[in-house]
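Residue 426 in UniProt numbering sits at position 426 of the sequence shown, and the numbers go up by one each step.
Just so it is clear, CB atoms sit at the ideal spot from N, CA and C, and this is done for glycine as well.
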Amino acid sequence: PRIWQGHRIAGLTESFDSQKEYIVLEKLWKYNQAMLTLVKRAKKQLVIKPTQGSWRTRDIGRTICSIIGKKAFIQCAKMLKSLDLIFIEQLLDMQEKQIITWHYLKRVKEKSSKGKVPIWFKSIENQMITNFDTREIKQDLQTSSTNKLALISQRVKVSEDKCKLDWILVNNKENEPGIRRVISKSKEGFHTEKWLISKEEKVLQGFRKQNSSWVLDMTQSSLKEIRKNNIDLERTSKREIDKGLYSLEHASLTDTVYINRLERDYIKKQRFSEYCDGLLLNQLDRNIETDQKNSLIEIPTRNFIKELEDTRSAAEWRMLSTRTKRQHIEQTHWYKIEQAAIETVQALISESERRGKLRTSELQKYLFGEMYKEQKERREGYTQGLFKNTVIEELINQSLTKREADLALNAQKLEKRTKGQDKKKINRKKRKEKAEPQKNSYQKSKKLPNSKEATLQKVKDRKKTTNRRIDALICLDKLLKGIDDSLVEEVWEWSCLSLLVCVFLQSEK
């Protein structure tokens, strides 16, 4: 079977000993070891003649390799083997005058015809066909004999499944073929459709015959129809123009909303106070109102009005129709959008110049006003229960920030954790001593620190820290007495923290 397979791939009608093209055969028989051994023997002039006639192909004809060429044949050898094609006569009809189509070939071989037509099949068509409409072959290649190698499609029975409506080829009484469709099926047979060809000639409206040619009829009836068609075309064109203008207006309106939102975001990103933000936003709204009252804008839907609630109320927009005043919008609308943006930017610049004055006034309120009292109460909430000395509480209320208070809380938490861990370690040691008194006898000699002594040391340390901080306050009083009263209020809040930190570090050292 491997020798027969090699002959079929190479398209050989006889044994390969007569052909001396061993390079082409080695490429085709790359994975056929039996044929490769025969080729090696043939190169050394050792001929092995077949004893069976099954190796040879009994049919005779023109091979496909003779028309395509060797290079193309090597590329399409596997496809030709799968389709069982060797001779060109297999691609011709019974009379050898026409070439079958690729679709018909795949149907006969019971394979799907999806995909592109291969290159080797196109090359055969270009070399042999004269008229692609009729698919006739050149006269030199035609023969008068019948083609015995022609492919014949096998007849398929109509399926018994009633859901499938098959198409059938039927011969009439006059032996003329006709295609029909199955309508219904039963066990006895099936019913098909039948179409009758009508040979009546009808003239199209608006035309008349003149000197064996058809010409437009320019009578009153035909002209009316033409006018109606023209009117319909004008209406459709107007609708398209209206849609285009509406899209332009909608785009311009969305641009104004986008600009206003950007300006608001620009103000909020400056991180002013609430009072300063309110002034800037009110000024921006005034500029927008003065510009939009003179402009003509249409708001078509309620959903679009909801989008505008972020910038301003929808009542400020003027609801006007754009049909009568379309030209005015086209001329002035885009110019007004740019003008509105310029005015708002100038307002921002003028307010930014006043920014320094506003911030200084707010700092004074923050230092000596109600804001200072509110922050003082918040600080007292952080520091309650941490220290009991009245002198230290006053110092904390004046200078301790949130960050320092958080650090103090974290320090207390760490102390509590360390105490709990020490107690756990002590309990573990006691358990081990009870369980293994002989092995851990050396641990009994060591004495644990007395809890009373530890508490006394902590009290002494606290007294030292309080004395140091009191000394720091006395130093501050001496420093402030040497400074004028006018500078005390300004320097107190800004420099108190830095001075205290320096003094605390020196006292703790």
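*Any contact of the region 85-99 with the region 142-155, i.e. 3+ C-beta pairs under 8 angstroms?*
With a cut-off of 8 angstroms, the region 142-155 and the region 85-99 count as touching, because enough Cβ pairs lie within range.
*Within this structure, are the beta carbons of residue 119 and residue 129 separated by less than 8 angstroms?*
The answer is no: Cβ separation not under 8 angstroms.
*For residue 185, which option in 193, 171, 167, 162 has the closest C-alpha, if you only look at C-alpha atoms?*
Considering only alpha carbons, the answer is 162.
*For residue 192, does the three-state DSSP call read helix, strand or coil?*
If DSSP states are grouped into helix, strand and coil, residue 192 belongs with the strands.
*If you follow the beta strand (DSSP E) that residue 180 is part of, which residue opens it and which one closes it?*
Following the DSSP letters along the chain, one finds residue 180 inside the beta strand (DSSP E) bounded by residues 177-185.
*asked:* Give me, in chain order, the residues of the same chain whose beta-carbon lies closer than 6 angstroms to that of residue 192; leave out the 5 immediate sequence neighbours on both sides.
replied: Result list for residue 192: 180, 182, in chain order.
*To the nearest angstrom, report how far apart residue 175 and residue 165 are at their CA atoms.*
Their Cα atoms are separated by approximately 24 angstroms.
*asked:* Whole angstroms are fine: how far does the CA of residue 81 sit from the CA of residue 154?
replied: Here the alpha carbons of residue 81 and residue 154 stand approximately 20 angstroms from one another.
*Please name the residue, chosen from 190, 187, 194, 189, that lies closest to residue 178 on a Cα-to-Cα basis.*
Ranking 190, 187, 194, 189 by Cα distance to residue 178 puts 194 first.
*If we call anything under 8 angstroms between Cβ atoms a contact, is residue 63 one with residue 86?*
Contact flag set, yes.
*asked:* On the DSSP letters alone, give me the boundaries of the beta strand (DSSP E) that residue 170 sits inside.
replied: Residue 170 -> beta strand (DSSP E) spans 167-171.
_For a quick check, are the C-beta atoms of residue 113 and residue 106 less than 8 angstroms apart?_
For residue 113 and residue 106, yes; Cβs fall inside 8 angstroms.
*Using a threshold of 8 angstroms, state whether the C-beta atoms of residue 74 and residue 124 are closer than that.*
Cβ distance not < 8 angstroms, so residue 74 and residue 124 don't count as in contact.
*Find out if the Cβ-Cβ distance for the pair residue 69, residue 89 is shorter than 8 angstroms.*
Their beta carbons are not under 8 angstroms apart, which means residue 69 does not touch residue 89 by this criterion.
*Do the CB positions of residue 109 and residue 83 come within less than 8 angstroms of each other?*
At the C-beta level, residue 109 and residue 83 come within 8 angstroms of one another.
*Can you pull the DSSP bridge partners for residue 92?*
DSSP, once it has assigned bridges, lists 99 as partnering residue 92.
*Looking only at DSSP bridge pairs, what is residue 129 linked to?*
The bridge partners DSSP lists for residue 129 are 137.
*With a cut-off of 8 angstroms on the beta carbons, I'd call residue 190 and residue 170 a contact; round off their distance for me.*
Their Cβ separation, rounded to whole angstroms, is 12 angstroms, which puts residue 190 and residue 170 out of contact at 8 angstroms.
*Are the beta-carbon atoms of residue 135 and residue 168 separated by less than 8 angstroms?*
Not a contact, by the Cβ cut-off of 8 angstroms.
_CA-to-CA distance, residue 282 to residue 418, given in whole angstroms_ = Answer to the nearest angstrom: the Cα atoms are 57 angstroms apart.
*Give me the Cα-Cα distance between residue 434 and residue 428, rounded to the nearest whole angstrom.*
Computed Cα separation, rounded: 10 angstroms.
_On a Cα-Cα basis, can you pick out the residue from 160, 460, 97 that is closest to residue 140?_
Comparing Cα-Cα distances from residue 140 to each of 160, 460, 97, the minimum goes to 97.
_For residue 146, the three-state DSSP class (helix, strand or coil)_ = Here residue 146 sits in coil by DSSP.
*Quick one: Cα of residue 457 to Cα of residue 432, how far?*
Answer to the nearest angstrom: the Cα atoms are 30 angstroms apart.
*What is the residue span of the alpha helix (DSSP H) that residue 73 lies within?*
70-75 is the extent of the alpha helix (DSSP H) around residue 73.
*Bridge-paired residues (DSSP) for residue 87*: Residue 87 is bridged to 63.
*Would you tell me roughly how many angstroms separate the C-alpha atoms of residue 343 and residue 278, rounded to the nearest one?*
Interpretation of residue 343 is limited by its pLDDT of 48, a score under 50 that renders its predicted location unreliable; the figure taken from the coordinates is listed afterwards. The C-alpha of residue 278 is placed about 18 angstroms away from the C-alpha of residue 343.
_Neighbourhood of residue 103 by C-beta distance below 7 angstroms, restricted to the same chain and skipping five residues each side_ = Closer than 7 angstroms at Cβ, skipping near neighbours: 113.
_Span separating the alpha-carbon of residue 71 from that of residue 156_ = Answer to the nearest angstrom: the Cα atoms are 38 angstroms apart.
*When we look at the beta-carbon of residue 424 and count the other beta-carbons within 10 Å, is it buried (16 or more) or exposed?*
Under this definition residue 424 is an exposed residue.
_Using CA atoms only, rank isn't needed, just tell me which of 160, 151, 173, 142 is closest to residue 188._
Looking at the Cα atoms, 160 is the closest of the given residues.
*In the structure shown, what three-state DSSP assignment does residue 162 receive?*
Here residue 162 carries a coil assignment [DSSP, helix/strand/coil].
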